[in-house]
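Worksheet: the structure to be examined is printed underneath.
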Amino acid sequence: MSQGPGGAASDAAAGPEADVSYHGRVALARARLRVWLVPLNEGPHALANATVRIRLSADLADRQEPAPGCARAGLREVVCETGPLPLHGRGRHLGLELGLRERAAEVVVRVDTWWNGGATDRNLTNNEHAVLALDTGDTYAF
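Position in the sequence shown (first residue = 1) + 10 = the numbering used here.
So, in structure tokens, the structure goes:
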């Protein structure tokens, strides 16, 4: 197997290619963060599943009621499965309401792909987002 830049395997061994992206919005009010997002796949291959990671700049409250298909992955991190991502299609809509350990004036929310089913994604700019949410209840889109 040939190695590419940085020791990565060549494209032939890297698996199918899929361009996964996320579009959504976040809102923060009184130590409650709401996250809504839709995963998209621009191809050129469909994916059976992927996992989106949501990381926060503030600690999550100890007790959380995760949405179906989601799990807490650390003090400030949640992961959710996207469900099937058809070619040029959308995955399941994700809606989370996350409690923070304490009220914060602002929270940085980072969204990225944690696992992509072994696919290669050459365009990471559309699946890595950082959004600053202020404790105003206003909605911020990404």
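Ideal Cβ positions, reconstructed from N, Cα and C, are used throughout, including at glycine.
Here the structure is a predicted model, which is why all the values come from computation and not from measurement.
{"query": "Contact set for histidine 139: own chain, Cβ-Cβ below 6 Å, skip 5 residues either direction", "result": "Val121 and Phe152"}
{"query": "At least three beta-carbon pairs within less than 8 Å, the stretch 107-122 to the stretch 49-56", "result": "no"}
{"query": "Threonine 135 (DSSP reduced to helix, strand or coil)", "result": "helix"}
{"query": "CB contact flag (alanine 58, proline 96, <7 Å)", "result": "no"}
{"query": "DSSP-derived helix/strand/coil call for threonine 92", "result": "coil"}
{"query": "Span separating the alpha-carbon of alanine 60 from that of alanine 115", "result": "32 Å"}
{"query": "Own chain, CB closer than 7 Å to alanine 129, minus 5 neighbours either side, in chain order", "result": "Gly25, Pro26, Glu27, Ala28, His55 and Leu57"}
{"query": "Span separating the alpha-carbon of isoleucine 64 from that of leucine 104", "result": "11 Å"}
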